[in-house]
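Position 312 (the sequence shown) corresponds to 353 in this note's numbering; numbering is contiguous.
C-beta atoms are modelled at their ideal positions from N, C-alpha and C, and glycine is treated no differently.
Comments concern the structure below.
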Amino acid sequence: MQNIKEAEDDNAEDIDDTTVKTAEEFTIYEIGAKDSDIATEIPNLKGNETDSKNTFQIPNLLPDEEYKKILCNLNDKQRKYHDNFTHIIKTQPHEQFFHFISGAGGVGKSTLLKIITQTALRFWIHELQHQPDDIFFLITAPTGKAAFNVGGQTIHSVFTIVFSLVKELTMKLSADKRNTLMFKLKQLKLLIIDEISMVSAQLFQIVNNRLQEIFENSKPFGGISVIVMGDFNQLPPVMHDPVYYPLRDSISTIANIENEIICISQLDRTFYMSELWSHFKILELTEIMRQKDDIQFANALNRLAIGQTTDEDNALFQSRELSSLNIPEHARCEHNINTMQTLLRGIKTI
């Protein structure tokens, strides 16, 4: 986390809550949006919906009352981002953007995802000449459970990525498959990736390559805007580098150090940042929303995530133990032996 934090600090364009005044917090996006009633400006066109018969999942429009209720309950940072996001899609429809919405568990990332997709869907349906099965945005996540939680799909299923070939960064679609995806996604404007901490640098690059291939566009992600969400204190990718790491091949430049040829990939790769990741501007949500009635516990959990618990935090955790387990020592040994036997089953010594 220290390395990613340093990378964030080095990006002069990123949002820094300690140095940027509240009123100027989103000047990075070059936006001057005014407060407005989005629910009034963008009508609910649910009557125009039809079921889309394709492999992509698009959220249904919420009823007006539910939509307005979510808007009213946004905290300050959520509302600012929502309003500025709305301003971008209304006034800069062809402007590509890359946003990373960060924050610990319970700060309202999922709520923000829901409200911006609802606003975007209302606006694009209202403003654009669309067909019933047009897809304006995709909500994705690296695992099935994470995708289900946000009403989306896995990255692999959306982009036809074979799990066993994730290392094959240049794998191509068949001509028929590419044409099919290009037709279905012809109105795509935004890609959302949740739980970004579990997305590897390799998979991120494949998504970029896939979009470039589908739209025949060499811009990052094929010219599609991208919002990623997550918390790097949570689960990392399995057996792969984090999304912000450069690809090993991309830093395999040969350096001559003390007359010895050394591959840079053998050095500390954390001094480098992924070219794709460098495009993203960072917003960190900090206000606890999930445990509003127990801020002390929520803050203790956040300190636990970064290994900075206080004595008071530890006492709080201990006070909430349901019971203490007195496991006999022989039971521990038997458990460990059984576990090892299971793991080593089928392994032969030669």
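Legend entry - Coarse secondary structure for residue 266, derived from DSSP in three states: Three-state result, residue 266: strand.
Legend entry - Assigned secondary structure, residue 182 (DSSP; H/G/I helix, E/B strand, else coil): Correct three-state label for residue 182: strand.
Inset, instruction - Look up residue 326 in the DSSP assignment and say whether it is helix, strand or coil. - result: Here residue 326 sits in coil by DSSP.
Inset, instruction - Return the chain-ordered list of same chain residues with a C-beta closer than 8 Å to the C-beta of residue 396, the five sequence neighbours on each side being excluded. - result: Any answer about residue 396 is impossible in this case: the structure gives the chain only from 42 up to 391.
Inset, instruction - Using the DSSP secondary-structure output, state which residues sit across from residue 238 in a beta bridge. - result: Looking at the DSSP assignment, residue 238 forms no beta bridge with any residue, so it has no partner.
Legend entry - Three-state secondary structure assigned by DSSP to residue 233: Looking at residue 233 - three-state DSSP - the assignment turns out to be strand.
Legend entry - Whole-angstrom C-beta distance between residue 178 and residue 161, which should lie under 8 Å: The Cβ separation is near 6 Å, so the contact holds.
Inset, instruction - Could you name the residues of the same chain whose beta carbon sits closer than 6 Å to that of residue 74, not counting the 5 residues immediately before and after it, in chain order? - result: For residue 74, the pLDDT reaches just 46, beneath the cut-off of 50, and the residue's location in the model is therefore unreliable, leaving the point undetermined.
Legend entry - Residues bridged to residue 126 (per DSSP): Partner(s): none; residue 126 has no beta bridge.
Inset, instruction - Leaving out five residues on either side along the sequence, give the residues of the same chain with a beta carbon under 8 Å from the beta carbon of residue 232. - result: Correct list, in chain order: 178, 179, 181, 248, 252, 262, 265, 266, 267, 268.
Inset, instruction - For residue 229, count neighbouring Cβ atoms within 10 angstroms of its own Cβ and tell me buried if that reaches 16, exposed if not. - result: That one is buried.
Legend entry - Secondary structure of residue 376, DSSP reduced to three states: Residue 376: helix per DSSP, three-state reduction.
Inset, instruction - Output yes or no for whether 8 Å exceeds the beta carbon distance between residue 236 and residue 271. - result: In contact: residue 236 and residue 271 (Cβ atoms closer than 8 Å).
Inset, instruction - From the DSSP output, in three-state form, read off residue 177 for me. - result: Of the three classes helix, strand and coil, the one that applies to residue 177 here is coil, per DSSP.
Legend entry - When 273, 285, 225, 260 are compared against residue 245, the one with the closest alpha-carbon: For the options 273, 285, 225, 260, the alpha carbon positioned closest to that of residue 245 is the one of 285.
Legend entry - Among 276, 279, 173, nearest to residue 227 - alpha-carbon criterion: Here the closest residue by C-alpha is 173.
Inset, instruction - Let me know the secondary structure DSSP gives residue 172 once reduced to three states. - result: Residue 172: coil per DSSP, three-state reduction.
Inset, instruction - Would you please state the rounded distance, in angstroms, between the beta carbons of residue 152 and residue 330? I believe it to be under 8 Å. - result: A Cβ-Cβ separation of about 7 Å places residue 152 in contact with residue 330 under the 8 Å criterion.
Inset, instruction - State buried or exposed for residue 199, treating a residue as buried only when at least 16 other CB atoms are found within 10 Å of its CB. - result: Counting the other Cβ atoms within 10 Å of the Cβ of residue 199 gives 16 or more, which makes it buried.
Legend entry - Alpha-carbon to alpha-carbon, residue 259 and residue 213: Taking the straight line from one Cα to the other gives about 15 Å.
Inset, instruction - Would you mind sorting residue 163 into buried or exposed? The rule is 16 or more other CB atoms within 10 Å of its CB. - result: Buried, by the Cβ-count rule.
Legend entry - Residues bridged to residue 139 (per DSSP): Within the DSSP secondary-structure output, residue 139 pairs in a beta bridge with 267.
Legend entry - residue 280 versus residue 257: straight-line alpha-carbon distance, rounded: CA-to-CA, the gap between residue 280 and residue 257 works out to about 31 Å.
Inset, instruction - Return the chain-ordered list of same chain residues with a C-beta closer than 7 Å to the C-beta of residue 150, the five sequence neighbours on each side being excluded. - result: In its chain, beyond the 5 residues on either side, 142, 144, 270, 326 have a beta carbon closer than 7 Å to the beta carbon of residue 150.
Inset, instruction - Look at the Cβ atom of residue 234, then the Cβ atom of residue 196, and state whether they are nearer than 8 Å. - result: Yes.
Inset, instruction - Would you decide whether residue 92 is buried or exposed? Buried here means 16 or more other CB atoms lie within 10 Å of its CB. - result: Because the pLDDT of residue 92 is 37, which lies under 50, any placement of that residue in the model is unreliable, and the question is left without a value.
Legend entry - C-beta contact flag for residue 338 and residue 357 at 8 Å: Closer than 8 Å, so yes.
Inset, instruction - Kindly indicate which three-state DSSP category residue 158 falls into: helix, strand or coil? - result: Helix.
Legend entry - Short Cβ contact (8 Å threshold) for residue 241 with residue 278: One thing to note: residue 241 has its Cβ within 8 Å of the Cβ of residue 278.
Inset, instruction - May I have the straight-line CA-CA distance separating residue 134 from residue 275, to the nearest angstrom? - result: About 33 Å.
Inset, instruction - Check residue 98 in the structure and name its three-state DSSP category. - result: Reduced to three states, the DSSP call for residue 98 is coil.
Inset, instruction - Measure the Cβ-Cβ separation of residue 102 and residue 159 and say whether it is below 8 Å. - result: Yes. Within cutoff.
Inset, instruction - Under 6 Å Cβ to Cβ from residue 156, same chain only, skipping five residues before and after it: list those, please. - result: Same-chain partners within the cutoff: 111, 123.
Legend entry - Residue closest to residue 187, alpha-carbon to alpha-carbon, out of 239, 118, 171, 216: Distance check between residue 187 and each of 239, 118, 171, 216 places 239 closest, using alpha-carbon atoms only.
Legend entry - Which of helix, strand or coil DSSP assigns to residue 104: Here residue 104 sits in coil by DSSP.
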